[in-house]
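The block underneath contains the structure these notes are about, expressed in structure tokens.
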Amino acid sequence: MTRSHLMSTTPDAVVLGHGPVGATIAAHLLDQGRTVRVVTRSGSGPEGAERVRADVLDHDAVARAIGDAPAVHMAFHAPYDARTWSRMLPTMEAGVLAHTARTGAAVATAESLYAFDPAASPFTAASPLRPPSRKGAVRRTLLAARDVSGARVTSVVAGDFVGPRVLMSHAGERMMLPLLRGGTFRPVGDVDLPHAFTHVPDLAAAMVAATQSVRGDGEGGHRVVLAPHAGSITMRDLVARVAAAAGVTAPRLAPMSQRLLSAVGLVTPSVREIAEVTYQFTQAFEIDVDAATADARTLGLTATPWSTAIAETVAWWQARTAVAA
């Protein structure tokens with residue numbers, strides 16, 4: 001473990017990972033005036049934060065990186081592959097949970113809808129866990145491990161990501177690049193079904209609030225809450241609204257069916273991984289807005305309206321593509 005920037009005191013929070021969720025959490029904490037330690041394998045991170053190089057698969061290294069910090073955010077992940085998830089994610093989380101169970105730190109982690117029974121849509125935090133996919137089975141295993149970890153951990157459940165910094169998502173590069181540059185967007189499944197998306201800044205705010213709300217509770221325990229949610233939206237409507245906000249013509253939509261994805265997946269592993277979760281786009285796949293609003297209220301939060309979330313997303317992507325040009 002190495003440091004690229006040292007603080008002399010224990011930080012207010014440790015953020016493990018610096019992808020879209022980790023980067024947004026770190027920015028949120030810094031905006032609050034908190035001291036932040038960001039831990040990644042590369043030592044990357046924002047200005048103003050302590051940047052530590054460590055691999056969360058190395059339990060000793062991650063324990064040293066966390067130290068006695070009172071709040072820890074698990075914002076790491078693994079490549080989008082069920083076998084990789086099964087091999088890596090339980091080990092990655094186990095070291096963090098074992099250490100924080102000893103120190104009493106409050107832990108927050110982002111959770112998806114993969115573990116939930118699709119028939120339970122619209123989902124609440126208490127919806128049954130009956131995943132139909134291999135990746136969903138891994139997520140269910142992680143949730144069960146948090147239950148018995150002895151750590152004070154909050155799993156914040158989100159839909160598919162949308163918002164600034166989001167690249168690898170159904171509403172990330174695959175949608176935004178053809179939308180801004182012109183071309184055809186090939187979404188998954190039925191573009192006219194309502195779907196749950198979560199604005200990543202709302203998820204980050206909920207994770208921060210979750211760790212701050214459980215400090216001082218003493219004993220360990222696992223709670224599951226929904227991230228703030230502004231309501232479902234169809235992919236067709238999302239594309240149209242983003243295009244309007246960007247001042248461009250909406251791209252042509254050429255949806256990919258589950259049958260097509262399964263066929264291509266026979267020879268392309270990455271497509272096979274998408275094919276097994278196509279069920280999320282062949283039915284209404286929604287978060288219960290009332291339940292999410294109630295959970296957000298307990299954290300002192302409200303969901304970002306879709307108009308604001310779309311404007312923030314467009315502004316970030318326009319700035320990114322302008323720099324790339």
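Numbering-wise, the sequence shown is residues 1 to 325 according to full-length UniProt numbering.
Every residue, glycine too, gets a C-beta built ideally from N, C-alpha and C.
Here the C-alpha atom of Arg272 lies approximately 25 angstroms from the C-alpha atom of Leu179.
Of the residues assessed, Gln212 falls on the buried side of the cut-off, its CB having 16 or more other CB atoms within 10 angstroms. Shortest Cα-Cα distance from Ala210 to any of Pro70, Ala63, Arg139, Pro118 involves Pro70. Rounded to the nearest angstrom, the Cβ distance from His195 to Phe281 is 7 angstroms, consistent with a contact under 8 angstroms. Per DSSP, the unbroken alpha helix (DSSP H) holding Met207 starts and ends at 200-214. Taken through DSSP and simplified to helix, strand or coil, Thr282 comes out as coil. For Thr109, there is no enclosing alpha helix (DSSP H); the enclosing beta strand (DSSP E) covers residues 106-111. The region 159-174 makes contact with the region 194-208: 3 or more CB pairs, one atom from each, lie closer than 8 angstroms. Distance from the CA atom of Pro128 to the CA atom of Thr9, rounded to whole angstroms, is 43 angstroms. Here Arg174 has Phe185, Arg186, Pro187 as same chain residues with Cβ atoms under 8 angstroms from its own Cβ, once five neighbours each way along the sequence are excluded.
The alpha-carbon separation between Arg53 and Leu238 amounts to approximately 38 angstroms. Trp316 has its alpha-carbon roughly 28 angstroms from the corresponding atom of Asp81. A Cβ-Cβ separation of about 7 angstroms places Ala110 in contact with Ala75 under the 8 angstroms criterion. Per DSSP, the unbroken alpha helix (DSSP H) holding Met235 starts and ends at 235-246. Three or more beta-carbon pairs drawn from the region 303-310 and the region 224-238 are found closer than 8 angstroms, and the two stretches are therefore classed as touching.
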